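Numbering (our numbering), first residue to last: 6 to 116.
Dropping the structure here:
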């Protein structure tokens, strides 16, 4: 019965995300969460990782850092295995979520 409850909760979460996608065609990250069947908890955990690393990048930038390869590696190591780093960066940039951080991560991937 617990599994059924979890499935219903995930479906409700996906419904919320899809409604947002309908309202905002640029909501690529929301669509990615649905496509990869992330639960609400997995989605929150991923957003928290992005928030934490984004804040860390801002601190490092203020300290004069120019390259953020260690942050990219942390992101790679911490994201949900259902996602690729490329999908995450592309989706965040398209949706405008953590834009500055994701732009820097994209640059690091191209180095």
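Cβ atoms here follow ideal geometry from the backbone N, Cα and C, with glycine treated the same way.
Since this is a predicted model, take the numbers as computed values, not measurements.
What is the C-beta distance between residue i and residue j, in whole angstroms, given that I count them as a contact (C-beta under 8 Å)?
i: residue 37; j: residue 92; result: 6 Å
i: residue 76; j: residue 62; result: 6 Å
i: residue 107; j: residue 94; result: 5 Å
i: residue 87; j: residue 22; result: Going by Cβ atoms, the distance from residue 87 to residue 22 rounds to 15 Å, so no, they are not a contact pair.
i: residue 32; j: residue 26; result: 5 Å
i: residue 83; j: residue 64; result: Wrong, their Cβ atoms sit about 18 Å apart, outside the cutoff.
Leaving out five residues before and five after residue i in sequence, what residues of the same chain have Cβ atoms less than 7 Å from its Cβ?
i: residue 34; result: 96, 97, 100 and 102
So is residue i buried or exposed if we call it buried at 16+ other beta carbons inside 10 Å?
i: residue 109; result: buried
i: residue 72; result: exposed
i: residue 6; result: exposed
i: residue 24; result: exposed
i: residue 67; result: exposed
Tell me which residues share the same chain as residue i and place their Cβ nearer than 6 Å to its Cβ, disregarding the 5 neighbours each side in the sequence.
i: residue 18; result: 45
i: residue 69; result: none
i: residue 113; result: 73, 74 and 77
i: residue 80; result: 58
By Cβ distance, which residues of its chain are closer than 8 Å to residue i, with the 5 residues on each side in sequence left out?
i: residue 85; result: 41, 43, 47, 50 and 51
> Could you give the uninterrupted runs of the beta strand (DSSP E) lying entirely in the region 85-111, keeping only those of 3 residues or more?
Replying inline: none
> Along the chain, which unbroken stretches of the alpha helix (DSSP H) at least 4 residues long are found entirely within the region 23-98?
Replying inline: 33-40, 45-67 and 74-83
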